[in-house]
Amino acid sequence: MIRLIKPSPFQALNAKWRLIDNSKNYLSESALKSFAFDDTLCQLAGKTDQPSLRFWVHDRTIVLGTQDTRLDHIHDAITILDRNNYRVVVRNSGGLAVLLDNGVLNLSLIFPGETTSSIDGGYERMVAFIRAMFPLAKIDTCLLYTSDAADEEDS
7 MIRLIKPSPF
17 QALNAKWRLI
27 DNSKNYLSES
37 ALKSFAFDDT
47 LCQLAGKTDQ
57 PSLRFWVHDR
67 TIVLGTQDTR
77 LDHIHDAITI
87 LDRNNYRVVV
97 RNSGGLAVLL
107 DNGVLNLSLI
117 FPGETTSSID
127 GGYERMVAFI
137 RAMFPLAKID
147 TCLLYTSDAA
157 DEEDS
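Okay, here's the thing in structure tokens:
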């Protein structure tokens, strides 16, 4: 019998999970379709009280965050990406730029009645999920950079 050392937040969810595999059928679609799909799942989770796990993959796409669109040379960057056959889309939430490609599996975790107030909180949920999937693996996470760390280095 495999037991987790730390209880996972997923163990407490007794609801039947909705599992959706879009890992093959969305390859050539815009990533905006995946964001719309997740928005629909969020609304459905609120109505049915059922969590969802969705797998999705898009080929040769760069997803920009709203902060990325304020960069000085973003239009030049988009032109270069376009010349190299990458689609560029801007999401209305979340962090910074992310590469989507055929070898990158994306996961959406959708919980009924819950919201994550920060990007860090979302990452913590994903780490808990990965640890629950691989309970025997030693999965360490660390903070690679913060503005506080940079300030300390300058001192």
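In this text, residue positions in the sequence shown follow the working numbering: the first is 7, and each later residue adds one. Glycine included, C-beta positions come from ideal geometry on N, C-alpha and C.
Is it buried or exposed, residue i, if we count other Cβ atoms within 10 angstroms and call 16 or more buried?
i    : result
R62  : Rather than Arg, the amino acid found at residue 62 in this sequence is Trp. W62 is buried by the Cβ-count criterion.
H64  : buried
T67  : buried
I86  : exposed
Y129 : exposed
A42  : exposed
S34  : exposed
For residue i, which residues in the same chain have their Cβ closer than 6 Å to its Cβ, ignoring the five residues on either side in sequence?
i   : result
S99 : none
Assuming residue i and residue j are in contact, meaning their beta carbons sit under 8 Å apart, how far apart are those beta carbons, in whole angstroms?
i   : j    : result
Q73 : L102 : 6 Å
R60 : S114 : 4 Å
G52 : G127 : Their Cβ separation, rounded to whole angstroms, is 19 Å, which puts G52 and G127 out of contact at 8 Å.
Alpha carbon to alpha carbon, how far is residue i from residue j?
i    : j    : result
T75  : V96  : 8 Å
L70  : N28  : 21 Å
I80  : L142 : 43 Å
A134 : F140 : 10 Å
S36  : I84  : 16 Å
Y32  : S40  : 8 Å
R131 : R137 : 10 Å
T147 : D45  : 28 Å
R93  : K22  : 36 Å
R89  : L50  : 39 Å
D82  : T54  : 45 Å
Who are the near neighbours of residue i in its chain, counting only those whose CB is closer than 7 Å to its CB and skipping five residues on each side?
i    : result
L105 : I68
N91  : R66
D107 : D65, R66
L111 : S29, F61, V63
L38  : V95
Given residue i, which residues of its chain have a CB within under 8 Å of its CB, disregarding the five upstream and five downstream residues?
i    : result
L47  : R24, I26, S58, R60, S114, I116
I145 : V133, I136, R137
L77  : A83
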